[in-house]
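Student: Below are the structure tokens for one structure; questions will follow.
Protein chains: 2
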Amino acid sequence: MAPIEEEERMTVSVRDVAAAASVSVGTVSNVLNRPDKVAPATVARVTAAIAELGFVRNDAARQLRAGHSRSIGLVVLDVRNPFFTDVARGAEDRAAEAGMTVLLGNSDENTDREGAYLDLFEEQRVAGVLISPLADDLPRLQRIRDRGTTVVLVDREVADQSFSSVAVDDVVGGSLAVSHLIDTGRRRIAFIGGPMGIRQVVDRLDGARRAVAAADAEGVSLEVIETESLTVLAGRAAGEAIRERAASDRPDAIFAANDLLAMGVLQALMMQGSIDVPGEIALIGYDDIDFAAAAVVPMSSIRQPAALIGYTAVDLMLKEADGETARERVVFQPELVVRESTSSRS
Amino acid sequence: MAPIEEEERMTVSVRDVAAAASVSVGTVSNVLNRPDKVAPATVARVTAAIAELGFVRNDAARQLRAGHSRSIGLVVLDVRNPFFTDVARGAEDRAAEAGMTVLLGNSDENTDREGAYLDLFEEQRVAGVLISPLADDLPRLQRIRDRGTTVVLVDREVADQSFSSVAVDDVVGGSLAVSHLIDTGRRRIAFIGGPMGIRQVVDRLDGARRAVAAADAEGVSLEVIETESLTVLAGRAAGEAIRERAASDRPDAIFAANDLLAMGVLQALMMQGSIDVPGEIALIGYDDIDFAAAAVVPMSSIRQPAALIGYTAVDLMLKEADGETARERVVFQPELVVRESTSSRS
DNA sequence: GCGGCCGAATGATTCGTTTCAGGCCGCCAC
DNA sequence: GTGGCGGCCTGAAACGAATCATTCGGCCGC
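Chains A and B supply the protein sequences, listed in that same order. According to this note's numbering, the first sequence is numbered sequentially starting from 2. According to this note's numbering, the second sequence is numbered sequentially starting from 2.
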């Protein structure tokens with residue numbers, strides 16, 4: 002007895018469509034790609050056959066022939082960070098304009114995962130890779146580029162012109178944040194952020210240091226509290242550590258390396274209403290994510306044009322892939338957004 | 002004068018590797034896929050050649066041969082909603098266990114974009130599609146399924162067993178939320194959510210209605226305020242409309258269809274401290290995203306096991322694709338999380 | 001009536017990988 | 001000495017769409 006045929010796995014190919022419409026495969030391909038080159042009656046016949054058979058193009062075959070895909074790879078540090086989803090949105094918008102797609106990879110601040118995505122994207126022969134790189138593995142990116150895949154750095158610059166890049170000046174951002182704290186009367190400032198392998202963190206801290214150095218005020222100190230990641234959880238841990246200190250030993254202002262951290266810090270400080278923000282401690286974050294404005298205490302932050310960064314990154318990638326321009330560096334300026342969490346002590 | 006050779010677009014294939022290592026292409030493929038079947042010395046030679054030439058597998062060719070890809074498509078309503086990024090994380094985890102990848106598509110509550118992603122995924126011959134469908138275009142999904150792509154519904158059930166699905170009982174969730182509001186003494190309840198094309202919204206409203214009907218209290222009313230989307234912005238607009246009403250005309254409790262909306266409503270109500278939450282109006286959201294706990298007024302919400310939903314969805318997809326089991330429906334139960342935004346009037 | 005031309009359609013070939021039926025060789029058992 | 005076996009390797013045949021040099025047929029102009 003023959004086994005029951007479970008499921009008719011119908012794989013309809015151009016050949017089948019061609020047969021059904023009594024034309025050659027070449028003509029089917031033309032209908033698909035240059036319908037104006039085919040006689041209207043034929044187009045109609047082929048289209049009907051496609052609909053009837055439920056033909057769906059096989060992208061793998063297309064790509065194999067074309068040599069490259071119509072997708073763009075984007076590797077970000079943390080998808081759960083609204084800043085990066087905004088970047089992704091911007092990238093998607095520009096990609097859609099060019100009829101392309103964005104594949105989103107999440108390195109989760111983890112070198113191995115970052116590497117896995119890079120491998121994947123290279124194997125997929127994506128048109129380009131946009132990456133917010135974790136550490137300084139530029140040689141690797143260079144190798145990828147040398148093998149023919151365009152690479153654009155997101156939120157990261159590199160001194161020589163070896164890559165196109167889109168970034169925001171994080172040193173200026175850090176400086177803006179801390180100058181603001183000093184201007185509103187704070188003196189014992191703490192920077193919370195990490196790991197120090199991440200460039201953004203280092204730059205923002207650098208900016209903070211410069212603001213302190215440049216301050217036209219006395220007795221300004223800067224304490225650095227390193228965290229293991231840039232998440233709400235890490236922020237909460239850091240905040241709890243501060244809450245447990247003697248009141249005299251606490252900073253009177255905190256600059257968190259991003260809003261996620263800042264939200265965690267805020268939660269920890271306010272737990273059981275133990276520490277008043279901004280009365281006792283002022284708090285400023287970075288990125289100005291949507292939720293910052295809706296926090297327990299509406300949070301001051303440094304705004305970056307997230308969607309625009311993504312949009313521009315894809316733009317540069319397309320330009321470079323076209324060989325149209327030389328590599329290009331775009332740098333946006335951050336902007337201070339003042340809310341209640343840094344208002345002066347009443 | 003010959004034009005300068007701009008860039009040596011080197012496309013290294015298995016054939017080149019084979020030549021370099023003096024073996025056949027079949028052997029190179031074996032080294033790549035079943036190294037244990039190849040003599041150690043040969044493996045070493047081939048591996049060296051791969052490294053030297055910088056060979057990178059061409060996924061398109063692999064896929065073409067295999068007939069299907071090692072990716073899973075996931076279409077969500079809104080990437081900016083942390084609930085969905087959590088679902089995506091869960092899905093990624095399960096996919097990674099199976100050596101597969103998740104492609105994330107964002108329909109943005111837009112039918113066209115949803116359709117575009119479905120087309121794309123089908124052309125890519127993904128192993129399966131997980132979708133949180135926008136409206137009731139089941140026939141379309143059925144067609145996709147009939148053409149051989151496994152489809153799993155996420156956060157959506159369907160009466161007959163025509164699809165595997167993972168969902169949370171939103172009617173129960175809506176009921177939980179409103180019962181809680183009634184239990185804490187609220188009477189004039191407003192439901193904020195929309196568009197009504199989205200099933201989750203309708204079900205949560207349905208649950209709300211049931212809770213009102215079942216209430217063991219007098220004078221309970223339910224007003225429905227429809228929004229255009231489930232975003233912070235839409236919530237803010239709805240909240241502003243309420244703030245502008247005469248105090249006597251305002252509800253004393255609001256149930257928002259998700260936390261994003263709720264955050265927007267909260268922002269609007271508290272603007273200039275005009276309306277006290279929960280004193281004047283209690284507020285409860287849905288999803289229990291991380292930021293809910295850190296809101297101006299820590300927000301009560303209905304918790305769903307987001308990551309688990311994603312994980313399970315991939316799991317069901319893999320099972321169904323293996324033909325291992327019949328289609329399966331998994332339903333999780335939501336959970337009430339009480340915070341300050343619904344505490345009783347002091 | 002014929003050469004020339006043009007739009008339309010053809011179909012063999014290509015992309016890079018995996019698979020699979022064989023082939024070769026050395027070794028063991030009889 | 002021969003048959004059989006297993007380990008290792010080979011190379012041709014797919015997979016499905018796109019390309020492009022050809023061919024076909026009809027029409028115009030002379």
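Glycine included, every Cβ here is placed at the ideal spot set by N, Cα and C. Quantities reported herein were computed from a predicted structural model and do not represent experimental measurements.
Quick one: complete beta strand (DSSP E) runs, 3+ long, within the stretch 62-142 of chain B?
Tutor: If we require 3 residues or more, the beta strand (DSSP E) runs fully inside the stretch 62-142 of chain B come out as 72-77, 102-107 and 129-132.
Student: Near P299 (chain B), what residues of its chain come up, given a Cβ to Cβ distance below 7 Å and the 5 sequence neighbours on each side ignored?
Tutor: In the second sequence, counting from the first residue as 1, residue 299 (chain B) sits at position 298. The answer, listed in chain order, is R340, E341 and S342.
Student: Could you check which residue in A:R189, A:L337, A:V221 and A:E110 has the C-alpha nearest to that of E229 (chain A)?
Tutor: Position 228 of the first sequence, counted from the first residue, corresponds to residue 229 (chain A). Of the candidates A:R189, A:L337, A:V221 and A:E110, the one whose C-alpha sits nearest the C-alpha of E229 (chain A) is A:E110.
Student: Could you tell me the distance, in whole angstroms, from the CA atom of L105 (chain A) to the CA atom of R157 (chain B)?
Tutor: Position 104 of the first sequence, counting from 1, holds the residue named residue 105 (chain A). Position 156 of the second sequence, counting from 1, holds the residue named residue 157 (chain B). Each residue's Cα considered, the two are about 24 Å apart.
Student: Taking the C-alpha atoms as reference points, what is the distance between A269 (chain B) and Q334 (chain A)?
Tutor: Taking the second sequence and counting its residues from 1, one reaches residue 269 (chain B) at position 268. Taking the first sequence and counting its residues from 1, one reaches residue 334 (chain A) at position 333. In a straight line, the C-alpha of A269 (chain B) is about 29 Å away from that of Q334 (chain A).
Student: Of the residues that make up the stretch 108-136 of chain A, which ones have a beta carbon closer than 7 Å to any beta carbon in chain B?
Tutor: If the cut-off is 7 Å between Cβ atoms, the stretch 108-136 of chain A has L121, E123, E124, Q125 and R126 near chain B.
Student: Under 7 Å, CB to CB, which of the residues in the stretch 260-273 of chain B have a partner in chain A?
Tutor: Flagged, chain order: M264, L267 and Q268.
Student: For the stretch 272-294 of chain A, which residues have a beta carbon sitting closer than 8 Å to at least one beta carbon of chain B?
Tutor: So the list reads D291, F292 and A294, given in the order they occur along the chain.
Student: Can you look up G208 (chain A) in the DSSP assignment and give me helix, strand or coil?
Tutor: Walking along the first sequence from the start, residue 208 (chain A) turns up at place 207. In this structure, G208 (chain A) counts as helix in the three-state DSSP scheme.
Student: What does R58 (chain A) reach in chain B if we use C-beta pairs closer than 7 Å?
Tutor: Translated into positions along the first sequence, residue 58 (chain A) becomes position 57. Those are E124, listed as they occur along chain B.
Student: Under 8 Å between the Cβ atoms of A212 (chain B) and S165 (chain B)?
Tutor: Start at 1 with the first residue of the second sequence, and residue 212 (chain B) comes out as number 211. Start at 1 with the first residue of the second sequence, and residue 165 (chain B) comes out as number 164. Their beta carbons are not under 8 Å apart, which means A212 (chain B) does not touch S165 (chain B) by this criterion.
Student: Which residues, taken in chain order from the stretch 226-242 of chain A, show a beta carbon closer than 8 Å to some beta carbon of chain B?
Tutor: Within the stretch 226-242 of chain A, the qualifying residues are V233.
Student: Along the alpha helix (DSSP H) that carries R46 (chain A), what are the first and last residues, could you check?
Tutor: Reading the first sequence from its first residue, position 45 is the one you call residue 46 (chain A). Segment P41 to L54, the alpha helix (DSSP H) holding R46 (chain A).
Student: Using a cut-off of 8 Å between C-beta atoms, extract the partners of G55 (chain A) located in chain B.
Tutor: The residue you call residue 55 (chain A) lines up with position 54 of the first sequence. Neighbours of G55 (chain A) on chain B, chain order: R144, D147 and R148.
Student: Which parts of the stretch 134-201 of chain A are runs of the beta strand (DSSP E), unbroken and 3 residues or longer, counting only runs that do not cross its ends?
Tutor: Those beta strand (DSSP E) runs which fall completely within the stretch 134-201 of chain A and span 3+ residues are 151-155, 165-169 and 189-194.
Student: For R332 (chain A), write down the residues that DSSP places opposite it in a beta bridge.
Tutor: The sequence position of residue 332 (chain A) within the first sequence is 331, counting from 1. The residue asked about is misnamed: residue 332 (chain A) is Val in this sequence, not Arg. In DSSP, V332 (chain A) forms a bridge with A:A168.
Student: Flag this pair as touching only if the stretch 195-207 of chain B and the stretch 215-228 of chain B have three or more C-beta atom pairs under 8 Å; answer yes or no.
Tutor: Counting Cβ pairs under 8 Å, three or more are found: they touch.
Student: Quick one: Cα of D37 (chain A) to Cα of H69 (chain A), how far?
Tutor: Position 36 of the first sequence, counted from the start, is the residue given in the question as residue 37 (chain A). Position 68 of the first sequence, counted from the start, is the residue given in the question as residue 69 (chain A). Answer to the nearest angstrom: the Cα atoms are 25 Å apart.
Student: For R304 (chain B), which residues does DSSP report across the bridge?
Tutor: Along the second sequence, one-based indexing puts residue 304 (chain B) at 303. Its beta-bridge partners are B:D288 and B:E336.
Student: Are the stretch 307-323 of chain B and the stretch 276-288 of chain A touching by the rule of at least three beta carbon pairs closer than 8 Å?
Tutor: No, because fewer than three Cβ pairs between the stretch 307-323 of chain B and the stretch 276-288 of chain A fall closer than 8 Å, the two stretches do not touch.
Student: So with Cβ pairs under 8 Å, would you call Q64 (chain A) a contact of chain B?
Tutor: Residue mapping note: residue 64 (chain A) aligns to position 63 of the first sequence, counting from 1. It does; some Cβ of chain B falls within 8 Å.
Student: Kindly list, in the order they appear in chain B, the residues whose Cβ is closer than 8 Å to that of P299 (chain A).
Tutor: On the first sequence, position 298 is the one that residue 299 (chain A) refers to. V297, listed in chain order.
Student: State the DSSP-derived secondary structure class of V18 (chain B), mapped to helix, strand or coil.
Tutor: As a first step, residue 18 (chain B) is located in the second sequence; it is residue number 17 there, counting from the start. Of the three classes helix, strand and coil, the one that applies to V18 (chain B) here is helix, per DSSP.
Student: Report the three-state DSSP secondary structure of I5 (chain B) (helix, strand or coil).
Tutor: In the second sequence, the residue the question calls residue 5 (chain B) occupies position 4. With a pLDDT of only 35 at I5 (chain B), under 50, the local geometry of the prediction cannot be trusted, and the value read off the model is given with reservation. In the structure shown, I5 (chain B) sits in coil (DSSP, three-state: anything other than H, G, I, E or B).
Student: According to DSSP, what are the bridge partners of L223 (chain B)?
Tutor: Against the second sequence, residue 223 (chain B) aligns to sequence position 222. B:I190, per the DSSP bridge assignment.
Student: Taking the CB atoms as reference points, tell me whether V32 (chain A) and R16 (chain A) lie closer together than 8 Å.
Tutor: One-based indexing of the first sequence puts residue 32 (chain A) at position 31. One-based indexing of the first sequence puts residue 16 (chain A) at position 15. No, these two residues do not count as a Cβ contact at 8 Å.
Student: If you count every other CB in all the chains shown that lies within 10 Å of the CB of M272 (chain B), and 16 or more means buried, which is it?
Tutor: Reading the second sequence from its first residue, position 271 is the one you call residue 272 (chain B). Looking at its Cβ environment, which holds fewer than 16 other Cβ atoms inside 10 Å, M272 (chain B) is exposed.
Student: Could you name the residues that DSSP lists as bridge partners for S257 (chain B)?
Tutor: Locating residue 257 (chain B) in the second sequence gives position 256, where the first residue counts as 1. It should be pointed out that residue 257 (chain B) corresponds to Ala in this sequence rather than to Ser. Answer is B:I193, bridged to A257 (chain B).
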